[in-house]
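Each step along the sequence shown adds one to the number in our numbering, with nothing skipped, and position 223 is 223. Contents: one structure, followed by commentary.
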Amino acid sequence: KMVVVMVACSSSLLAGSIGGMAKQSFPILITRPEPQASRLAAELTDAYGARAAPLLSPLMMTEILTPQVPSGPFAAVILTSEAGAAAAERLAPLPRPAFCVGTRTAIRAAAAGFIPTVIEADAAALVATLGTAALNTALPTAAGDTARLLWLRGADRAADLAALLPQCQIEELIVYAQRPRPLTAAALDCLGRPGPVILPLFSPRSVRLFLAAAPSRIEARLLAVAISAQVAAEVPAERFAGCRVADTPDGAGMLVAIGRAISSGLP
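Written as structure tokens, this is what we have:
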């Protein structure tokens with residue numbers, strides 16, 4: 001299903017950061033799963049008005065799983081996504097303290113009854129926060145052992161937290177899966193026509209899924225906007241007109257980076 005949203009720009013801060021834009025409307029192909037896809041579309045049109053033409057084609061569909069929780073006790077849970085927080089609500093028993101990557105993850109966790117500590121960045125910031133907490137003995141331990149933490153994650157992971165945090169005892173529980181989906185007919189039609197298309201990319205896996213789903217011949221001039229250098233490294237130069245990297249690895253950074261892509265008019 002194609003959803004195109006065009007409204008007047010109401011975000012003076014972001015609109016101001018891309019002053020002097022061309023009046024052309026730029027297709028922005030959003031491949032995030034729901035509800036993140038619709039949320040990003042609304043944020044883009046709120047920030048950039050008719051200059052942004054979001055086209056939704058989620059390449060992943062979230063499936064919540066209900067596995068058996070390992071025997072505790074655990075000092076806290078680690079939640080690195082909204083999907084993980086949603087899955088946590090269905091599981092019991094779990095400790096109430098939760099280390100959450102991102103404000104939206106923390107909000108979802110709080111709604112499920114957890115006590116969130118918000119890490120406003122990425123896996124590196126999470127590792128630093130947990131490492132500091134362990135050193136300061138803010139994480140309770142059992143019988144002098146290292147703190148036990150339960151990471152509620154998806155079937156696909158971008159980092160090995162256990163290896164990065166030897167000072168903690170991290171156990172992993174897969175509580176959701178992102179099932180691949182094909183590109184919609186509207187998305188394929190957009191890629192098959194000459195003209196600029198902006199493609200926001202939020203994870204290495206999203207790059208791989210797009211390349212697998214996209215036609216071998218793309219007529220559009222694709223500009224990738226990557227949330228981090230790690231994601232940008234997955235983008236093949238021969239299939240894209242260019243790749244921009246957000247200044248900060250979060251939603252606000254992506255909005256600004258997409259605005260800059262619109263402002264540039266694309267290569």
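Note that CB positions come from ideal geometry on N, CA and C, so glycine has one too. Source: prediction; values computed, not measured.
With DSSP as the reference, label arginine 90 as helix, strand or coil. coil
Measuring only the C-alpha atoms, how far is glutamine 167 from valine 175? 24 Å
Would you say leucine 130 lies against chain C (beta-carbon separation less than 8 Å)? Looking for chain C here will not work: only one protein chain is present.
Beta carbon of leucine 223 nearer than 8 Å to that of leucine 199: yes
Please determine, among Ile258, Ser264, Arg193 and Ser263, the residue with the shortest C-alpha to C-alpha distance to leucine 40. Ile258
What does the Cβ neighbour count give for alanine 252, buried or exposed, with the cut at 16 atoms within 10 Å? exposed
Which residues does DSSP pair with threonine 62 in a beta bridge? For threonine 62, the beta-bridge partners assigned by DSSP are Gln178.
How would you write the range of the alpha helix (DSSP H) that proline 204 sits in, first residue to last? 204 to 213
Report the three-state DSSP secondary structure of leucine 165 (helix, strand or coil). coil
Proline 249 burial status per 10 Å Cβ neighbour count (16 or more: buried): buried
Taking the straight line between their C-alpha atoms, what separation do you get for arginine 51 and glutamate 43? 13 Å
8 Å Cβ cutoff met for valine 225 and valine 207: no
Helix, strand or coil, according to DSSP, for valine 231 in the structure here? helix
Check whether the Cβ atoms of alanine 85 and alanine 53 lie closer than 8 Å to each other. Contact flag unset, no.
Return the Cβ separation of arginine 193 and alanine 75 in integer angstroms, given the expectation that the two are a contact with Cβ distance under 8 Å. So it is not a contact: roughly 54 Å between Cβ atoms.
Can you give me the Cβ contacts of leucine 135 inside the same chain, cut-off strictly under 6 Å, excluding the 5 residues immediately before and after it? Its pLDDT being 48, under 50, leucine 135 is placed unreliably in this model, and the value from its coordinates should be taken loosely. Cβ neighbours of leucine 135 beyond the five flanking positions: none.
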